[in-house]
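2 protein chains.
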Amino acid sequence: MATGRDVAQLAGTSTAVVSYVFNNGPRNVSPATRERVLAAAAELNYRPNALARALSFGRTSTIGLIVPDIANPYFGELARALEDAAMERGELLLIGDSSLDPERERRHIAAFVERRVDSVVMISLLDEPDFTAFEQASTPVIALHPIADDAPAASLTIDYELAARAAAAHLVAHDFDSIGLLNGPAHSVGAGQHRRGFLAAVGAAGRELRHDERNSGTSRADASAVSLRWLAEPDRPRAITCATDEQAYGVLHAAYLLGLRVPEDLAVIGFDGTEHSEYAVPPLTTVRQPIRAIAARAIELVAEAAAEPADGADFTRVRELAGHELIVRASCGCARD
Amino acid sequence: MATGRDVAQLAGTSTAVVSYVFNNGPRNVSPATRERVLAAAAELNYRPNALARALSFGRTSTIGLIVPDIANPYFGELARALEDAAMERGELLLIGDSSLDPERERRHIAAFVERRVDSVVMISLLDEPDFTAFEQASTPVIALHPIADDAPAASLTIDYELAARAAAAHLVAHDFDSIGLLNGPAHSVGAGQHRRGFLAAVGAAGRELRHDERNSGTSRADASAVSLRWLAEPDRPRAITCATDEQAYGVLHAAYLLGLRVPEDLAVIGFDGTEHSEYAVPPLTTVRQPIRAIAARAIELVAEAAAEPADGADFTRVRELAGHELIVRASCGCARD
DNA sequence: CTGAAAGCGCTTACAG
DNA sequence: CTGAAAGCGCTTACAG
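Order-wise, the sequence lines are chains D and X.
Residue 336, in numbering that gives the first Met the number 0, is where the first sequence stops; the numbers in between run on with no holes.
Residue 336, in numbering that gives the first Met the number 0, is where the second sequence stops; the numbers in between run on with no holes.
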């Protein structure tokens, strides 16, 4: 490929001027010279080498994203929203998919550090992800899940406990005699928050209410297998609220296999609220995370932190909360569309 | 961050040796020196700068992927499979999501060229994508969809016409009196293939068979809206085969809204066969694309082409076909799981 | 086995 | 407004 030197030669100028033209600065270029440079560049199909540029400029204009599972539509939607926000700022989003494999996550972290991404948005598979590589590289990181108070990263999440409580409270208001929580892995931080929210709603019911919790992985397959056993028990719950939409789809599938009608025999509520949830059969009542707002804010925070490395210490103190929204559809028995 | 020079200094050696140690070559290093280098690197948390490395090495060890819509689970699964294959070869996969926006696709192409990815795997939004930027950079590209014979890229796809015919033939064998095709945008190359396969199956039915085609975008929302009108018509089809699973989910949703039972009142067949299709309600009969095999082969082809630029001309002649598989589940009325 | 030096393709003070 | 030169952090012939 043609280099800046080729262009300079053809235009009868220096590489400095070529750079000034392509970056609109930092020095002015006379219109005539600019024209010649542009013409030469067009003729040679010149494309500045972003690697060389980043090397001398000291910034890659690149934001890394690490998601646990890109095949999960929630992370797909999130990735898209983050990319929209990044592009608006002229940054490229690099997506790394951990495929639910912590080793894979580690490799993405290393790859991002080596490639000198300016900043990172991360949804870790782990409750306490290892930020040291980013810390050593002084790369600002924002986690879109709860992290320890002293973790060297910012975080931005909804209030999972409150949101989980809202979902359970909705079931309580339905007057069901028994409700269940299909939670994530029992000992994870996230599961603790869902559990506390769920139990708070049960406690506030003001009446006798059987309740039970089961745990499954986040995949439909896992959730379906667990639900299949659960729903076959004689005292199965009348309603189930889940920690993710994916799990809710597993519950719907299990109910189908067992010949249980939703919502007549079993009410179901999901959590995350991707666009797909509207097209479930039946349409899924769910707690919506404000994906676009979270994405826009995350990119804003991280881009600012990358631009002003001085405030690094402040940035890692950031613990922001976003709002959630309960979306009521047919799966809990409220609406028929 | 520490540089190779810092490490060399601390280890009392030269940057060349640091490079030899971290790359296991191309020159040998005495065990003692290697130890000192490794110790110094560990102490300084040295991470080689991949940008600088790529600049002098002439390769980025990076493969670009462009997908039309990462929120579509089919592309999510595909991205994951491609990343697995890339990682096995020590390459990093960079994912660019076009968000169904051709302008976005163009930007990803430009970004990949500027970042000097070694090769590209592409699923374009367009029937005739513009490969010139890649061609000028002599970056090998493989398209995972049909492309023109003289397009300067390789391609690897299933035989869509044959696969679409298999799906329609299955409906024909059910003895339904009328079947429909929910196809993609009417004038696209892909839609033509689905149509020909569908009509071939109809023609081979050997009996009176009403048939009809409708078109929708690939999203559930679009497919649902189109199906809602279609299924409300008095002579609605008894069975529908779709061009994608996403569209099939839209049909299931529309049937639900209209109170039609699947498969009793309406049989449905999807196309793509992601893992999610098994958890639809009811589980979706679909044509499975061999995602992992396609991904592995695509990476293999493109990586080889990047390694041997001499064979560039041969590479762009590659037009490979992969096999498909009809997976029969409950949605067409055959099985109940 | 190891070091000094040139080069990858940019950007940016420094002179003019 | 423009050019010659140093530097970003690596790799790799070239000498020794």
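Glycine included, C-beta positions come from ideal geometry on N, C-alpha and C.
Since the structure is predicted, the reported quantities are computational estimates derived from the model, not experimental observations.
Can you give me the C-alpha to C-alpha distance between Val267(D) and Ala162(D), rounded to a whole angstrom?
Cα-Cα distance, rounded: 15 angstroms.
Report yes or no: is there a C-beta of chain D within less than 7 angstroms of the C-beta of Glu0(X)?
Going by the sequence as given, residue 0(X) is Met instead of Glu. Interface with chain D (7 angstroms Cβ-Cβ cutoff): Met0(X) is included.
Report the start-end ranges of each beta strand (DSSP E) in the stretch 248-295 of chain X that is 3 residues or longer and not cut off at the edges.
If we require 3 residues or more, the beta strand (DSSP E) runs fully inside the stretch 248-295 of chain X come out as 266-271 and 284-287.
Quick check on the DSSP output: the alpha helix (DSSP H) that includes Ser29(D) runs from which residue to which?
Where Ser29(D) is concerned, there is no enclosing alpha helix (DSSP H), given that its DSSP letter is neither H nor E.
Within its chain, find whatever has a CB closer than 7 angstroms to the CB of Ala292(X); leave out the 5 residues flanking it on each side and keep chain order.
Sequence-distant Cβ neighbours of Ala292(X) in its own chain, meaning closer than 7 angstroms and more than five residues away, are Ala321.
Work out the CA separation of Asn48(X) and Leu9(X) for me, nearest whole Å.
If you take the alpha carbons of Leu9(X) and Asn48(X), they lie about 18 angstroms apart.
Grab me the residues of Arg318(X)'s own chain with a C-beta within less than 6 angstroms of its C-beta, minus the 5 sequence neighbours each way, in chain order.
Ser154.
Under the rule that 16 or more other beta-carbon atoms within 10 Å means buried, what is Val17(X), buried or exposed?
It is buried - the Cβ of Val17(X) has at least 16 other Cβ atoms within 10 Å.
What is the C-beta distance between Ile62(X) and Val261(X), in whole angstroms, given that I count them as a contact (C-beta under 8 angstroms)?
40 angstroms between Cβ atoms; not a contact.
For a contact defined as C-beta to C-beta under 8 angstroms, what are the partners of Glu42(X) on chain D?
Correct list: empty, because the minimum Cβ distance to chain D is about 12 angstroms.
Separation of Gly191(D) from Asp126(D), as counted between CA atoms
Cα to Cα, Asp126(D) sits roughly 11 angstroms from Gly191(D).
How is the alpha helix (DSSP H) around Ser18(X) delimited, first residue to last?
First-last of the alpha helix (DSSP H) with Ser18(X): Thr14 to Asn22.
Tell me, please, whether the stretch 25-45 of chain X touches the stretch 56-73 of chain X by the rule of three or more beta-carbon pairs shorter than 8 angstroms.
Verdict: no, contact absent.
When you check each C-beta in the stretch 172-205 of chain D against every C-beta of chain X, which residues fall closer than 7 angstroms?
For the stretch 172-205 of chain D, the set of residues with a beta-carbon nearer than 7 angstroms to any beta-carbon of chain X is empty.
For Asp117(D), count neighbouring Cβ atoms within 10 angstroms of its own Cβ and tell me buried if that reaches 16, exposed if not.
Buried is the call here.
Hey, Gly249(X) and Ala222(X) are a contact pair by Cβ (cut 8 angstroms); roughly how many whole angstroms apart?
So it is a contact: roughly 3 angstroms between Cβ atoms.
Distance between beta carbons of Leu54(X) and Ser50(D), contact taken as under 8 angstroms:
According to the sequence shown, residue 50(D) is Leu rather than Ser. Rounded to the nearest angstrom, the Cβ distance from Leu50(D) to Leu54(X) is 5 angstroms, consistent with a contact under 8 angstroms.
Would Tyr337(X) pass as a contact of Thr273(X) if the rule is Cβ separation under 7 angstroms?
For residue 337(X) there is no data in the structure shown, the boundaries of chain X being 0 and 336.
List, from N- to C-terminal side, the beta strand (DSSP E) runs of 3 residues or more that fit wholly inside the stretch 50-122 of chain D.
Entirely contained in the stretch 50-122 of chain D, the beta strand (DSSP E) runs reaching 3 residues are, in chain order, 61-66, 91-96 and 118-121.
Cross-strand partners of Ala204(X) (DSSP beta bridge)
In the DSSP output, where bridge partners are listed per residue, Ala204(X) has none listed.
Should Asp336(D) be labelled buried (16 or more other beta-carbon atoms within 10 Å of its own) or exposed?
Unreliable positioning characterises Asp336(D) in this predicted model, as indicated by a pLDDT of 45, which lies under 50. The coordinate reading is nonetheless provided below. Burial is judged here by how many other beta carbons sit within 10 angstroms of a residue's own beta carbon; Asp336(D) has fewer than 16 and is exposed.
DSSP state of Cys333(D) mapped onto helix, strand, coil:
Cys333(D) carries a coil assignment under DSSP once its states are collapsed to helix, strand and coil.
Starting from Gly179(D), trace the beta strand (DSSP E) both ways and give me its first and last residue.
Gly179(D) -> beta strand (DSSP E) spans Ser177 to Asn182.
Do you know whose CA, among Arg296(D), Thr243(D), Pro233(D) and Ala200(D), lies nearest Asn214(D)'s CA?
When each option's Cα is compared against that of Asn214(D), the closest is Thr243(D).
So who's on the other strand from Ser215(X), going by DSSP bridges?
Paired residue(s): none; Ser215(X) is not in a bridge.
Do Leu92(X) and Ala85(X) have their C-beta atoms within less than 7 angstroms of each other?
Yes, they are a contact pair.
Can you list, in chain order, the residues of its chain with a C-beta nearer than 7 angstroms to that of Thr138(D)? Leave out the 5 residues immediately preceding and following it.
These residues qualify, in order along the chain: Val112, Val116, Ser118 and Val119.
How far does the alpha helix (DSSP H) with Thr315(D) in it extend, from its first residue to its last?
Here Thr315(D) belongs to no alpha helix (DSSP H), and DSSP marks it neither H nor E.
Quick one: using the 10 Å Cβ neighbour count with 16 as the cut-off for buried, is His323(X) buried or exposed?
Buried, by the Cβ-count rule.
Buried or exposed, going by whether 16 or more other CB atoms sit within 10 Å of the CB of Gly196(X)?
Sixteen is the threshold: when 16 or more other Cβ atoms of the shown chains lie within 10 Å of the Cβ of Gly196(X), as they do, the residue is buried.
Alpha carbon to alpha carbon, how far is Val66(D) from Asp96(D)? Give it in angstroms, no decimals.
Cα to Cα, Asp96(D) sits roughly 5 angstroms from Val66(D).
Let me check one thing: in DSSP terms, what residues is Leu143(D) bridge-paired to?
Leu143(D) is bridged by DSSP to nothing; it lacks a bridge partner.
Select from the stretch 102-133 of chain D all residues with a C-beta closer than 9 angstroms to any C-beta belonging to chain X, and list them in chain order.
Taking 9 angstroms as the Cβ-Cβ cut-off against chain X, the residues of the stretch 102-133 of chain D that qualify are Arg103, Arg106, His107, Ala109, Ala110, Val112, Glu113, Arg114, Arg115, Thr131 and Ala132.
With H, G and I counted as helix, E and B as strand and the rest as coil, what does DSSP make of Ser154(D)?
Look at Ser154(D) here: in three-state DSSP terms it is strand.
Using a Cβ-Cβ distance under 7 angstroms, would Glu82(X) count as near chain D?
Judged by the 7 angstroms Cβ criterion, Glu82(X) is in contact with chain D.
Cβ of Asp336(X) within 7 angstroms of any chain D Cβ
Residue confidence for Asp336(X) is low, a pLDDT of 45 falling below 50, so the modelled location carries little weight; the figure read from the coordinates is stated next. At least one C-beta of chain D is nearer than 7 angstroms to the C-beta of Asp336(X).
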